[in-house]
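All remarks here apply to the structure that follows.
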Ligand SMILES: [Zn+2]
């Protein structure tokens with residue numbers, strides 16, 4: 016069992032890069048998942064006194080080389096923080112740690128600010144405040160060039176592609192103020208993109224995006240007008256019966272799969288790619304069509320990342336993976352592992368939660384456990400976690 020740990024470059028800077036990486040190796044961690052790019056964040060680390068880091072619109076955190084990019088040029092954070100990456104790469108090697116590039120893809124508000132035509136568009140036509148569209152050619156070129164750049168400079172083991180499926184319109188630190196209840200159907204529909212690229216591609220495929228946009232907007236408005244009601248199921252079934260809408264949504268998911276494939280092709284095997292296999296559109300697409308998309312997500316990645324809080328999804332993906340011509344490695348993410356804190360999902364205390372999560376990892380056949388997030392935890396939490404993993408997986 017390999018254990019890696021997500022880590023922020025700013026936390027390595029606070030702790031001292033060499034000291035932090037050596038401690039990580041001493042703690043029994045095998046690899047560091049260092050953020051190459053990041054989305055908006057306020058994060059609090061207890062490691063070097065209480066330190067707080069803030070970044071409002073996201074940035075690139077390694078010294079990306081502008082001349083290698085197209086229209087979208089990387090928005091670098093400060094020189095001091097970008098200097099952490101080369102230092103970390105050198106010390107990781109000395110400490111015997113594998114180096115992985117944790118790469119946020121679409122949740123990059125700075126791209127949206129600089130190039131509004133790259134923004135995801137809500138069915139209303141309004142641009143997302145925080146995300147760009149996976150179908151956009153400039154976005155694809157940028158992400159492929161970025162992954163190529165970090166791999167070329169630092170010799171990465173795994174590129175962890177985070178968020179190739181568009182994040183929900185109200186994710187995380189940037190969210191609209193909404194005083195109305197948005198049903199699961201309304202949330203799903205608000206997540207479908209109607210940017211110029213998506214609508215043009217749909218027209219080329221013989222679909223009528225304007226009709227679909229009206230259909231989707233009518234449904235969102237009706238869901239909001241009804242409030243929580245049992246009419247959602249009927250409305251969902253009505254939309255799912257529209258083959259054009261299913262085709263449109265399928266194409267949208269496909270654009271995220273294509274983006275991953277473009278990155279894979281650009282890297283040409285110089286680093287492995289890890290990603291999720293999931294879509295938020297099962298209710299519209301039906302489980303058979305969704306399984307087909309999940310199989311494609313499995314096919315374009317080298318490793319599939321799972322979360323212990325999603326046993327149903329994990330079972331489904333591992334079954335699809337087992338049927339694949341070349342099954343991929345499986346990874347399980349563990350977040351918030353303090354044994355004296357409340358568990359973040361399910362019932363029971365945190366220690367029982369940990370045992371149950373490790374059991375889920377074992378049941379699904381995970382070969383790798385990733386810990387989230389090294390410097391946001393206390394020293395003792397990391398040691399306890401590694402101990403629990405080694406006890407649960409004594410063979411490796
Ligand atoms: Zn789009």
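Residue numbers (my numbering): 16 to 411. The C-beta atom is built at its ideal place from N, Cα and C for all residues, glycine as well.
Cβ-Cβ distance between residue i and residue j below 8 Å
{"i": "residue 287", "j": "residue 317", "result": "yes"}
{"i": "residue 32", "j": "residue 102", "result": "yes"}
{"i": "residue 215", "j": "residue 99", "result": "no"}
{"i": "residue 36", "j": "residue 107", "result": "yes"}
{"i": "residue 87", "j": "residue 126", "result": "yes"}
{"i": "residue 212", "j": "residue 148", "result": "yes"}
{"i": "residue 48", "j": "residue 115", "result": "yes"}
{"i": "residue 261", "j": "residue 300", "result": "yes"}
{"i": "residue 398", "j": "residue 42", "result": "yes"}
{"i": "residue 404", "j": "residue 39", "result": "no"}
{"i": "residue 61", "j": "residue 393", "result": "yes"}
{"i": "residue 379", "j": "residue 274", "result": "no"}
{"i": "residue 169", "j": "residue 81", "result": "no"}
{"i": "residue 21", "j": "residue 389", "result": "yes"}
{"i": "residue 310", "j": "residue 341", "result": "no"}
{"i": "residue 239", "j": "residue 205", "result": "no"}
{"i": "residue 209", "j": "residue 140", "result": "yes"}
{"i": "residue 391", "j": "residue 352", "result": "no"}
{"i": "residue 172", "j": "residue 46", "result": "yes"}
{"i": "residue 124", "j": "residue 189", "result": "yes"}
Identity of the residues DSSP links to residue i by a beta bridge
{"i": "residue 52", "result": "75"}
{"i": "residue 377", "result": "According to DSSP, residue 377 bridges with nothing at all."}
{"i": "residue 115", "result": "48"}
{"i": "residue 288", "result": "174"}
{"i": "residue 147", "result": "134"}
{"i": "residue 62", "result": "64"}
{"i": "residue 318", "result": "289, 344"}
{"i": "residue 83", "result": "Its beta-bridge partners do not exist; DSSP assigns none."}
{"i": "residue 91", "result": "75"}
{"i": "residue 20", "result": "47, 386"}
{"i": "residue 349", "result": "386"}
{"i": "residue 223", "result": "None, per the DSSP bridge assignment."}
Chain-order list of residues whose beta-carbon lies under 6 Å from that of residue i (same chain, five-residue window excluded)
{"i": "residue 54", "result": "73, 119, 122"}
{"i": "residue 232", "result": "138"}
{"i": "residue 402", "result": "none"}
{"i": "residue 57", "result": "69"}
{"i": "residue 298", "result": "251"}
{"i": "residue 296", "result": "264"}
{"i": "residue 67", "result": "59"}
{"i": "residue 255", "result": "299"}
Sequence-distant residues of its chain with Cβ nearer than 8 Å to residue i (five each side left out)
{"i": "residue 375", "result": "323, 326, 329, 347"}
{"i": "residue 161", "result": "51, 52, 75, 79, 84, 89, 118"}
{"i": "residue 382", "result": "16, 17, 344, 345, 346"}
{"i": "residue 307", "result": "none"}
{"i": "residue 305", "result": "294, 296, 297"}
{"i": "residue 410", "result": "16"}
Beta-carbon separation (whole angstroms), residue i vs residue j, contact threshold 8 Å
{"i": "residue 278", "j": "residue 159", "result": "5 Å"}
{"i": "residue 282", "j": "residue 163", "result": "7 Å"}
{"i": "residue 92", "j": "residue 146", "result": "The pair is not a contact, with the Cβ atoms about 19 Å apart (cut-off 8 Å)."}
{"i": "residue 266", "j": "residue 217", "result": "7 Å"}
Any non-hydrogen atom of ligand 3 closer than 7 Å to residue i Cβ
{"i": "residue 213", "result": "What this structure holds is ligand 1, not ligand 3."}
Contacts around residue i, its chain only, beta-carbon distance under 7 Å, and the 5 residues preceding and following it disregarded
{"i": "residue 285", "result": "166"}
{"i": "residue 384", "result": "16, 18, 347, 349, 376, 404"}
{"i": "residue 407", "result": "373, 377"}
{"i": "residue 293", "result": "180, 328"}
{"i": "residue 276", "result": "315"}
Chain B contact for residue i (CB, 8 Å cutoff)
{"i": "residue 337", "result": "Going by chain labels, chain B is absent from the structure shown, which holds only one protein chain."}
Are three or more beta carbon pairs between the region 105-116 and the region 125-140 nearer than 8 Å?
no
Stretch pair the region 195-203 + the region 241-255: three plus CB contacts closer than 8 Å
yes
Taking one C-beta from the region 281-299 and one from the region 171-179 each time, how about it: are there three or more such pairs within less than 8 Å?
yes
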